[in-house]
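Written out below as structure tokens is the structure these notes cover.
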Amino acid sequence: MDNQQTSIDPVRQAAKVAIVYGVVAFLWIALSDWLLQQWVADPERLTQLQTFKGWGFVIVTSLALFAIMLHFLRITARHVRRQDEQSRQLHGLGQFRESIIDNASIWINVLDPQSRITVWNKAAEQISGYRREEVFDNPAIWEWLYPDPDYRQEVMTKVTDILERGAEVKDFETCIRSRDGQEKFISWNSRRFFDENGHMIGSIAIGLDITERREMERELARLAASDSLTGLATRRELEKRFQEESARSLRYQNPLSLLMVDVDNFKQINDDFSHHVGDEVLRQLSGRLQRTVREVDHIGRYGGDELVILLPEMDAPEASAMAERIRRSVEADSLQCDGVDKPIKLTVSIGVASYPTHEQSPDNLFGLADRAMYLAKQSGRNCVRTAADSQAQGNSES
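Mapping of the sequence shown onto this note's numbering: residues 1 to 398, in sequence order.
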């Protein structure tokens, strides 16, 4: 509106001058002619006076026009000075604003309506590794930051929602790939912005690097899911993974097996050597089991000296063979613990339960494996027993 008003003012000023001039000229001519005709009867004298009247009109109107133009020019000069001052202030404010944006500790970038980057501050350079000269008006930056096509499309859909539909984004997290190949997590707040005439000129995005926070959260989650003594999964985490594997097993009709491993005479080890040695025995046994199982298997400390191994897509015969290999390995290699002069000979009793061989649903595998493990202990320890063995014993006793 200010620009329109500035363009209209000169026209109005010129119109005012023309109107004033026309009115004064009409009144001067009409009144002066009438008065002269009333006062002067001599034609020659009248002609002479009319000549003087004309020159007088020129002089008076010239002086009037000079005064009017001087007044308008002074007003214009003051207006120009104010505009110059405002321009200097705005320029200084713009430089100040640009300095704040450029030196902010958070990522700030601006997109034009065609999703082209027009502002890329120093923090954006530091976090992404890409200089502003590389990203300005360069659509390849989206491929650099989001190399996976599907993920990139998801991000660009969000950008389109902001620019075209006016969506406001708060705490939208993305994972970018920086120039050096590192993955970094950024939390975004973004919205459109407009010029003084209300026209949308782009969007501004503010990104907070939360990579360290995410890594800390992952580490805390890992610690919460890991047994502090052995580093194995906790009982709660193991049960969570069991539910996931059970659902997958039912969905795809794949076998699922579970081993319940108990250290034989573990109380005697604690009594003979101390609880510190008992803890060391559990740590070393846990490490040995971790090196024995497959990458897809899950192993956790179920409680005390009981360890559980979850074997996805492994049937009963394979699980029994795995259990026997573990039993023999533990029996064959004694453990050397600090503070103990001689190696500690260790044996384990293992119970095996499998779906669907031993049970129509995987939900009861823990109970079946636990009963099979106690049967192994009743059978003299250092052996493997299956859920079928415990079921057969139960049938014979009944």
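A virtual CB, placed ideally from N, CA and C, is assigned to each residue, including glycine. Note that the structure is predicted; figures quoted are calculated from it, not measured.
Checklist entry - Measuring CB to CB, does aspartate 277 end up less than 7 Å from cysteine 337? => result First, the residue type needs correcting, since residue 277 is valine and not aspartate in the sequence shown. In this structure, valine 277 places its C-beta atom within 7 Å of the C-beta atom of cysteine 337.
Item to check | asparagine 254 versus alanine 319: straight-line alpha-carbon distance, rounded | outcome: So the alpha carbons of these two residues sit roughly 14 Å apart.
Checklist entry - What is the C-beta distance between valine 348 and alanine 372, in whole angstroms, given that I count them as a contact (C-beta under 8 Å)? => result Between valine 348 and alanine 372 the beta-carbon gap is near 13 Å, outside 8 Å, which marks them as no contact.
Checklist entry - Is the distance from the Cβ of serine 257 to the Cβ of methionine 216 below 7 Å? => result No, they are not a contact pair.
Checklist entry - Taking all protein chains shown into account, do 16 or more other C-beta atoms lie within 10 angstroms of the C-beta of tryptophan 55, making it buried, or fewer, making it exposed? => result By the neighbour-count criterion, in which 16 or more other beta carbons inside 10 Å mark a residue as buried, tryptophan 55 falls on the exposed side.
Checklist entry - Nearest-angstrom Cα distance between glutamine 37 and alanine 30? => result Glutamine 37 and alanine 30: Cα-Cα distance of roughly 11 Å.
Checklist entry - Under a Cβ-count criterion, where at least 16 other Cβ atoms within 10 Å of its own Cβ denotes burial, should glutamate 280 be classed as buried or exposed? => result Buried.
Item to check | lysine 184, enclosing beta strand (DSSP E) - first and last residue | outcome: Counted as a single uninterrupted DSSP element, the beta strand (DSSP E) harbouring lysine 184 occupies residues 183 to 194.
Item to check | Cβ-based burial, asparagine 197 [other Cβ within 10 Å; buried from 16] | outcome: Classification of asparagine 197: exposed, given that the 10 Å Cβ count is below 16.
Checklist entry - Which residue spans inside the region 263 to 335 form an unbroken alpha helix (DSSP H) run of at least 4? => result Counting whole runs of 4 or more residues, the region 263 to 335 contains the alpha helix (DSSP H) stretches 266 to 273, 275 to 292, 316 to 332.
Checklist entry - On the three-state DSSP scale, how would you describe glutamate 173? => result Looking at glutamate 173 - three-state DSSP - the assignment turns out to be strand.
Next on the checklist: Taking the beta carbon of glycine 92 as the centre, do at least 16 other beta carbons fall within 10 Å, making it buried, or is it exposed?
Outcome noted: Residue placement at glycine 92 is flagged as unreliable, the pLDDT there being 48, under the threshold of 50; the coordinate-derived value follows with that caveat. It is exposed - the Cβ of glycine 92 has fewer than 16 other Cβ atoms within 10 Å.
Item to check | Cβ-Cβ separation, threonine 51 to valine 24 (assumed contact under 8 Å), whole Å | outcome: So it is not a contact: roughly 19 Å between Cβ atoms.
Checklist entry - So what's aspartate 338 in DSSP terms, helix, strand or just coil? => result When secondary structure is reduced to three states using DSSP, aspartate 338 falls in the coil class, being assigned neither helix nor strand.
Checklist entry - Do three or more CB pairs link the region 127 to 139 to the region 154 to 171 at distances below 8 Å? => result Here the region 127 to 139 makes no contact with the region 154 to 171; the two share fewer than three CB pairs at distances below 8 Å.
Checklist entry - In terms of residues, what are the limits of the alpha helix (DSSP H) holding aspartate 370? => result Membership of aspartate 370 in the alpha helix (DSSP H) is indicated by the continuous run 365 to 378.
Item to check | Nearest-angstrom Cα separation, counted from isoleucine 141 out to arginine 132 | outcome: One C-alpha to the other measures close to 10 Å.
Next on the checklist: Spatial neighbours of threonine 357 within its chain, please: C-beta separation below 6 Å, excluding the five flanking residues on both sides.
Outcome noted: Counting only Cβ-Cβ distances below 6 Å, and skipping sequence neighbours, we find Ala316.
Item to check | Range covered by the beta strand (DSSP E) that runs through aspartate 209 | outcome: Unbroken beta strand (DSSP E) run through aspartate 209: 200 to 209.
Checklist entry - If you run the structure through DSSP and keep just helix, strand and coil, what is tyrosine 146? => result Judged by DSSP in its simplified three-state form, tyrosine 146 adopts coil rather than helix or strand.
Item to check | Boundaries of the beta strand (DSSP E) in which isoleucine 344 is found, first to last residue | outcome: Under the DSSP assignment, isoleucine 344 falls outside any beta strand (DSSP E); it carries neither an H nor an E label.
Checklist entry - What separation, rounded to the nearest whole angstrom, lies between the Cα atoms of lysine 16 and valine 159? => result Straight-line measurement puts the Cα of valine 159 at about 53 Å from the Cα of lysine 16.
Item to check | C-alpha distance - aspartate 171 paired with isoleucine 106, whole-angstrom precision | outcome: Here the alpha carbon of aspartate 171 sits roughly 14 Å from the alpha carbon of isoleucine 106.
Checklist entry - Anyone know if the C-beta pair for leucine 399 and alanine 392 falls short of 7 Å? => result Residue numbering for the chain in the displayed model covers 1 to 398; residue 399 lies beyond these limits and cannot be assessed.
Checklist entry - Nearest chain D C-beta to isoleucine 204 closer than 7 Å, yes or no? => result Of the protein chains in this structure there is only one, and it is not chain D.
Next on the checklist: Please state whether the Cβ-Cβ distance between asparagine 109 and alanine 124 is less than 7 Å.
Outcome noted: Contact check for asparagine 109 against alanine 124 passes: the beta carbons are separated by less than 7 Å.
Checklist entry - Tell me which same chain residues have a C-beta within less than 7 Å of the C-beta of valine 293, skipping the five on either side of it? => result Answer for valine 293: Ile299, Ile309, listed in chain order.
Next on the checklist: Considering only the alpha carbon of each residue, which of Gln268, Asp112, Leu307, Trp120 lies closest to glycine 287?
Outcome noted: Closest option to glycine 287, Cα to Cα, is Leu307.
Next on the checklist: On the criterion of 16 or more Cβ atoms from any shown chain inside 10 Å, does valine 399 qualify as buried, or is it exposed?
Outcome noted: Lying before the first or after the last residue shown, residue 399 is absent from the chain, which here runs from 1 to 398.
Item to check | Which residues DSSP lists as bridging arginine 385, in chain order | outcome: Assignment of beta-bridge partners to arginine 385 by DSSP yields Gly351.
Item to check | Where the beta strand (DSSP E) through leucine 111 begins and ends | outcome: Looking at the DSSP string, the run of the beta strand (DSSP E) that includes leucine 111 is 107 to 111.
Checklist entry - What are the start and end residues of the alpha helix (DSSP H) that includes valine 135? => result Where valine 135 is concerned, the enclosing alpha helix (DSSP H) stretches over 132 to 135.
Item to check | Distance, proline 149 Cα to asparagine 189 Cα | outcome: Roughly 23 Å separates the two Cα atoms.
Item to check | Coarse secondary structure for glycine 92, derived from DSSP in three states | outcome: Residue placement at glycine 92 is poorly supported in this model, since its pLDDT is 48, which falls under 50; the coordinates still yield a value, given next. Helix.
Item to check | C-beta atoms of threonine 234 and alanine 247 nearer than 7 Å | outcome: Not in contact: threonine 234 and alanine 247 (Cβ atoms no closer than 7 Å).
Checklist entry - What do you get for arginine 325, buried or exposed, if any count of 16 or more other CB atoms within 10 angstroms of its CB means buried? => result The residue in question, arginine 325, is exposed, as its Cβ has fewer than 16 Cβ neighbours within 10 Å.
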